[in-house]
Amino acid sequence: MLPTPSPFYYLAHFHQALDWLSLREGLLAPEDALWIARFRRQPQDAQALLIRLTMRSPAHFRISRLDYPEIDISLAVNTLTDLGWIAQDHLLTPSEAFHLLRKAELDALHGAQPTKQAHWSVMAGRSDQTFHQWARQHDCLTLTIRDQLDRLRLAFFGNLHQGWESFVLEELGITRFPKIEMDMSCGFEDQQEFESCWQAHQLFEQWEVVKSRRKVPRTLIAQAIALPNQGPTLRRLRSKLLASMARHAERQAHYSLALSLLNESSYEAARLRSIRCLEKGGQTEQAWRLALQTRCFYQADSERDSVFRMLPRLSKALGKTWPRISRHQPNGVEVFTELNGRPEPTAAQWLDRDGGISLFSENRLFTTLFTLHFWDVIYAPIPGAFFHPFQAAPADFQHPDFVSRRSELWSQGFEQLKTDAGRQILWNYHRQFGTTAWGVDWRLSAEHIELALHCISADHLSAIFQRILMGHRKGMPDLIRFFPAQKSYELVEVKGPGDALQPHQRQWMRYFDQYGIPNRVCWIRDLADAV
DNA sequence: CGCCCCCCCG
DNA sequence: TTCACACCATCCG
DNA sequence: GATGGTGTGTCTCGGGGGGGCGAC
Ligand SMILES: [Mn+2]
Ligand SMILES: [Mn+2]
40 MLPTPSPFYY
50 LAHFHQALDW
60 LSLREGLLAP
70 EDALWIARFR
80 RQPQDAQALL
90 IRLTMRSPAH
100 FRISRLDYPE
110 IDISLAVNTL
120 TDLGWIAQDH
130 LLTPSEAFHL
140 LRKAELDALH
150 GAQPTKQAHW
160 SVMAGRSDQT
170 FHQWARQHDC
180 LTLTIRDQLD
190 RLRLAFFGNL
200 HQGWESFVLE
210 ELGITRFPKI
220 EMDMSCGFED
230 QQEFESCWQA
240 HQLFEQWEVV
250 KSRRKVPRTL
260 IAQAIALPNQ
270 GPTLRRLRSK
280 LLASMARHAE
290 RQAHYSLALS
300 LLNESSYEAA
310 RLRSIRCLEK
320 GGQTEQAWRL
330 ALQTRCFYQA
340 DSERDSVFRM
350 LPRLSKALGK
360 TWPRISRHQP
370 NGVEVFTELN
380 GRPEPTAAQW
390 LDRDGGISLF
400 SENRLFTTLF
410 TLHFWDVIYA
420 PIPGAFFHPF
430 QAAPADFQHP
440 DFVSRRSELW
450 SQGFEQLKTD
460 AGRQILWNYH
470 RQFGTTAWGV
480 DWRLSAEHIE
490 LALHCISADH
500 LSAIFQRILM
510 GHRKGMPDLI
520 RFFPAQKSYE
530 LVEVKGPGDA
540 LQPHQRQWMR
550 YFDQYGIPNR
560 VCWIRDLADA
570 V
């Protein structure tokens, strides 16, 4: 909780990251290393301003509105401009100009308007040249080197959704990531993988911009397909990108393009989309064959369930017969009550007249218990799993071999669950309280946890943990209702009028019934229908 | 003038 | 940096 | 019932400032 001593704390943090990077040779390209060396030679003011700007969201700034007392702004701006890392005569698009200029300035430029928003319709039509002139005459500053700094961010964090502010948040105790022995690994096998991941992120960014347009971006698609497919990180990124592109092609009825993209993607639902594309493209026979294959070699319950919904339709289209298979029917209760606000609290209140204690937790309770019980497994210092100090989960958490690489530890954990009656969970709850960890919601009180452990048997916990471990996290029922006197509980999915069970919710309920875990659906009906 | 939204700061 | 969920529209048997 | 499209909350904290905007 000590205040950060230096006014240049953020620059010190960035240097820590640079030191981290320089210890991992062969990760960055030679040009990156040269850039870093050049950065290190610059005066402190220039370094500091550059880092300040990269930690802010826009690309364009007004120099007069930069308020950093620790920095000699004009010295820094001159240095950075000479280096070409920022520009003062950058072309502004109308949208950028709209955000950068204040209403009074727009009034002066284009005549007064009642609101700033009213300027937009005028500006959208103007040529960029207007604002280019304006930018040159005023104190606009554009950060032109964000890509270089983003590369370093990707190299350090292994992703682009964390930023340099992680350092200060941790230092101030706002976040508290698990303290795990780090090794000298990083998020990437080698420079090749890093480079490809960087490229994949770039393509994703371009795709996000382009995909709203109607035209099919052939070159972008070709580049995405050409991405190498080595290593789980890159495979995931590439598969996601290709699946997103395929979905777009499918919506525009470009089925053969969609199919070739899906064929390259190992995204979870890729095969299902392929079947739909074949079906919609008139290749019913092929769709049927792929569906039959998928029925036997499915990867997840969701894939199996979907294909069982498709097969009757496809069979019928081909004049074949398909046996009617009755679907699992979860238990339900109808509640007639007036509904104002969210249905879950209403249902909880209504149901609790039987003395139960409801908690509206969805996935949160069980993922919390899961991580607390398996803390030492999840945060085991496996080689390559932890490499920077701000990880809420091991780097291979999403990888296919996450479980098998720790199989001994998992079975020990499940063994321990049989005998220790939640001691592990409570111990970690108190020992780790507040630590940023995957799945853990610290708003759950110790009483909640104790109540859960009192009411839920170890067998049930174990069954639920098994399924979470297989990668199923979505779709847990809205409410858990405790009956401490009976040492029992039930899980309730609340459905308002006009809502229906989602596939993932059905799967959980089917699973609960297999293991004797009490569950039901609470259907809230309109009071008027009761009469 | 008060409110709200967005963004920044540490 | 999405993702999980609710809600709604459409078509079908 | 199947399918798919859209909307919504949340984006690790809590405090504060700038600016837009409508009410008075
Ligand atoms: Mn829910
Ligand atoms: Mn619900």
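All letters in the first sequence, in the order written, are residues 40 to 570 by our numbering.
All residues carry an ideal CB built from backbone N, CA and C; glycine is no exception.
Limits of the alpha helix (DSSP H) - the one that residue i falls within
i	result
residue 117	112-122
residue 397	No alpha helix (DSSP H) contains residue 397, which is instead part of the beta strand (DSSP E) from 396-399.
residue 181	Segment 179-182 is the beta strand (DSSP E) holding residue 181; no alpha helix (DSSP H) there.
residue 233	230-249
residue 53	48-61
residue 456	446-459
residue 317	309-319
residue 79	69-79
residue 293	Premise fails: residue 293 is in no alpha helix (DSSP H) and is neither H nor E.
residue 345	340-356
residue 258	257-265
residue 159	155-164
residue 335	323-335
residue 414	414-417
Terminal residues of the beta strand (DSSP E) in which residue i lies
i	result
residue 558	558-564
residue 27	Within the shown structure, residues of the chain are numbered from 40 to 570, placing residue 27 beyond reach of any answer.
residue 534	527-534
residue 373	371-375
residue 470	Run containing residue 470: none in the beta strand (DSSP E); it sits in the alpha helix (DSSP H), 462-470.
residue 185	That residue, residue 185, is in no beta strand (DSSP E); its alpha helix (DSSP H) goes 185-196.
residue 211	Counting along the chain, residue 211 falls outside any beta strand (DSSP E), and DSSP gives it neither H nor E.
residue 551	Not the beta strand (DSSP E): residue 551 falls in the alpha helix (DSSP H), residues 542-553.
residue 511	Note, residue 511: premise wrong, no beta strand (DSSP E); not H, not E.
residue 199	Looking at the DSSP string, residue 199 is not in any beta strand (DSSP E), and its letter there is neither H nor E.
residue 495	First-last for residue 495: undefined, no H or E at that position.
residue 364	Run containing residue 364: none; DSSP gives neither H nor E here.
residue 518	518-522
residue 137	Careful: residue 137 lies outside any beta strand (DSSP E), inside the alpha helix (DSSP H) at 133-139.
residue 38	As shown, the chain starts at 40 and ends at 570. That puts residue 38 outside it, with no answer to give.
Beta-carbon gap between residue i and residue j smaller than 8 Å
i	j	result
residue 49	residue 207	yes
residue 276	residue 383	no
residue 390	residue 397	yes
residue 479	residue 452	no
residue 46	residue 219	no
residue 432	residue 466	no
residue 387	residue 375	no
residue 296	residue 346	no
residue 305	residue 278	yes
residue 259	residue 235	no
residue 82	residue 118	yes
residue 372	residue 215	no
residue 233	residue 194	yes
residue 44	residue 209	no
residue 360	residue 512	no
residue 14	residue 327	Not covered by the structure: residue 14. The range shown for the chain is 40 to 570.
residue 190	residue 93	no
residue 284	residue 246	yes
residue 248	residue 293	no
residue 76	residue 203	no
Integer Cβ distance of residue i from residue j, believed to fall under 8 Å
i	j	result
residue 411	residue 468	6 Å
residue 574	residue 455	Any property of residue 574 remains undetermined from this structure, which presents the chain solely from 40 to 570.
residue 490	residue 521	5 Å
residue 584	residue 426	The requested residue 584 is not part of the displayed model; the chain covers only 40 to 570.
residue 530	residue 551	7 Å
residue 533	residue 561	5 Å
residue 536	residue 563	6 Å
residue 313	residue 331	Residue 313 to residue 331, Cβ: 13 Å. No contact.
residue 497	residue 457	6 Å
residue 282	residue 309	6 Å
residue 514	residue 553	Actually they are not in contact, since the Cβ atoms of residue 514 and residue 553 sit about 15 Å apart, beyond 8 Å.
residue 287	residue 549	With 8 Å as the limit, residue 287 and residue 549 do not qualify as a contact, their Cβ atoms being about 33 Å apart.
query = Are at least three pairs of beta-carbons, each pair with one atom in the region 117-129 and one in the region 87-97, less than 8 Å apart?
reply = yes
Beta carbon shell of ligand 2 at less than 5 Å from a heavy atom = 517 and 533
Could you tell me whether the region 136-144 touches the region 154-170, where touching means 3 or more Cβ pairs closer than 8 Å?
yes
Stretch pair the region 99-117 + the region 180-198: three plus CB contacts closer than 8 Å:
yes
Determine, using beta-carbon pairs with one atom in the region 225-239 and one in the region 253-272, whether at least three such pairs fall under 8 Å.
yes
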